[in-house]
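Which chain is which? The protein sequence lines are H and R, in order.
Residues 1 to 168 (UniProt numbering) are what the first sequence spells out, left to right.
Residues 1 to 168 (UniProt numbering) are what the second sequence spells out, left to right.
For every residue, glycine included, the Cβ atom is placed at its ideal position computed from N, Cα and C.
Quantities reported herein were computed from a predicted structural model and do not represent experimental measurements.
Protein chains: 2
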Amino acid sequence: MQRTQFGAMACSIARTLDVIGEPWSPLILRDVYAGTHRFEQLQRGLGVSRKVLAERLNWLVAQGVLTRREYSTRPVRHEYLLTDKGMELCDLLLVMVRWGDRWTAGEAGPPVLYRHHACGRTSQVELRCSACGEPMHATDIDLLPGPGADSPDEERLDVPDVGASERL
Amino acid sequence: MQRTQFGAMACSIARTLDVIGEPWSPLILRDVYAGTHRFEQLQRGLGVSRKVLAERLNWLVAQGVLTRREYSTRPVRHEYLLTDKGMELCDLLLVMVRWGDRWTAGEAGPPVLYRHHACGRTSQVELRCSACGEPMHATDIDLLPGPGADSPDEERLDVPDVGASERL
DNA sequence: TCAGTCAGTTCCTTTAAGGAACGCCTCGAT
DNA sequence: ATCGAGGCGTTCCTTAAAGGAACTGACTGA
């Protein structure tokens, strides 16, 4: 498949995809978050091939999203736990859940409900502006080049410039 | 690659991935959101192969995330626009941006800034509970089986049961 | 008439996913 | 002590998908 590496792009979306964009990675994250920490359980629960699971776990550990913790010496056995970095990635899962619930759940309704500790109620996440606290959606936003933008280009805001050769 | 279909799983994350989980799809969505609507521009901006771009665009149109609008008869030319369903998917991009900015941007800082129309300030999205309005993160949540759950299993909450044969 | 634009499509090569088998270590029962 | 099962990978082969370049086809403008 010889897949393009997204990590080098000057775009936080591409760089996030570099970390969890591979097939299965978000589902592995979901299961670890939901309490499945061991290789065998993950493999059976997901139905993913052992080869891919091993690759993904190594990658996620290398990226600092998961940690490997020894839960048994002799034989040495590890389990996989979320780091802070990984736990924050789970916020992304919550937003995926909201969209999936809204647009793909259909008649049956959402397969999982989320109860908020603070208020004890079953609810969903909502996106709000960190500055004013009002709802903030993709429609309510202007894009501006930030300090990490790599090319002061015309109107191409977050389009990566990897090749940097054919400009046009 | 003979990839597993996620769409059939009883999990909103898996079903969302089925829609935009393929490589390039989120970046295509990003560019359409940022104002790139035509095949040629998308292809050049992303550096994706034309074959894959055509496949992805067809899929996203089929899923109702994008619409094809004719902007020229003779020759017939279409441009790609976000539907409401697609625009709501962009919320997901905003959350990816926040994580990417925080964990992958490094020294250079975020490549793109977001200005909130309502308050005019440059800010980020924040996740809050739709019921009580307080911050709501993956750490603040309990998972409960919902109406759309497919198997009243033990503790495996949102793990799909596609095989349904090997239970253990 | 000829180059150029735009949107795909086709073909070939390379790489990744699926899936099954195997390897290795250890514990527990016979 | 021997056998089987649990747990965690690794290896191998097949199949499918990504990359990339070339090609088609309908137009435009010089």
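Nearest-angstrom Cα separation, counted from residue 76 (chain R) out to residue 16 (chain H) | 37 Å
Nearest-angstrom beta carbon gap, residue 61 (chain H) and residue 92 (chain R) [assumed within contact, 8 Å] | The Cβ separation is near 25 Å, so there is no contact.
Would the stretch 115-128 of chain H and the stretch 129-142 of chain R be scored as touching if the rule is three or more Cβ pairs under 8 Å?
-> yes
Can you name the residues of chain H whose CB is closer than 9 Å to the CB of residue 85 (chain R)?
-> 99, 102, 103, listed in chain order.
Give, in chain order, every residue of the stretch 121-144 of chain H whose Cβ lies closer than 9 Å to some Cβ of chain R.
-> 121, 122, 123, 124, 125, 126, 127, 128, 129, 130, 131, 132, 133, 134, 135, 136, 137, 138, 139, 140, 141, 142, 143, 144
How would you label residue 104 (chain R), buried or exposed, when you count the other beta carbons within 10 angstroms and need 16 or more for buried?
-> buried
Rounded distance between the beta-carbons of residue 111 (chain R) and residue 149 (chain H), thought under 8 Å | With a beta-carbon spacing of about 5 Å, residue 149 (chain H) and residue 111 (chain R) fall inside the 8 Å limit used to define contacts.
Taking DSSP as the reference, what is the three-state secondary structure of residue 115 (chain R)?
-> strand
Quick one: is residue 65 (chain H) near chain R, going by C-beta distance under 7 Å?
-> no
Closer than 6 Å by C-beta to residue 182 (chain R): which residues in its own chain qualify, once you throw out the five before and the five after it? Chain order, please.
-> The requested residue 182 (chain R) does not occur in the structure, where chain R is confined to residues 1 to 168.
Give me the Cα-Cα distance between residue 3 (chain R) and residue 48 (chain H), rounded to the nearest whole angstrom.
-> 10 Å
Check whether the Cβ of residue 37 (chain R) lies closer than 7 Å to any Cβ atom in chain H.
-> Judged by the 7 Å Cβ criterion, residue 37 (chain R) is not in contact with chain H.
So with Cβ pairs under 7 Å, would you call residue 20 (chain R) a contact of chain H?
-> no
Report yes if the C-beta distance between residue 181 (chain R) and residue 138 (chain H) is below 7 Å; otherwise report no.
-> Any answer about residue 181 (chain R) is impossible in this case: the structure gives chain R only from 1 up to 168.
Collapsed DSSP secondary structure at residue 32 (chain H) in the structure displayed = Note: residue 32 (chain H) maps to helix in three-state DSSP.
Count the other C-beta atoms from every protein chain shown that fall within 10 angstroms of the C-beta of residue 72 (chain H), then say buried if there are 16 or more, exposed otherwise.
-> Its Cβ having fewer than 16 others within 10 Å, residue 72 (chain H) is exposed.
For residue 50 (chain H) versus residue 43 (chain H), is the C-beta spacing smaller than 7 Å?
-> yes
Pull up the distance between the alpha-carbon of residue 97 (chain R) and that of residue 27 (chain R), whole angstroms please.
-> 12 Å
Three-state secondary structure (DSSP) at residue 16 (chain R)?
-> helix
Does any residue of chain H bring its CB to less than 7 Å from the CB of residue 28 (chain R)?
-> Output row for residue 28 (chain R): interface = no.
Could you please give the first and the last residue of the uninterrupted alpha helix (DSSP H) stretch that includes residue 104 (chain R)?
-> 84-104
By the 10 Å Cβ neighbour count, where 16 or more other Cβ atoms means buried, how is residue 84 (chain H) classified, buried or exposed?
-> So residue 84 (chain H) ends up on the exposed side.
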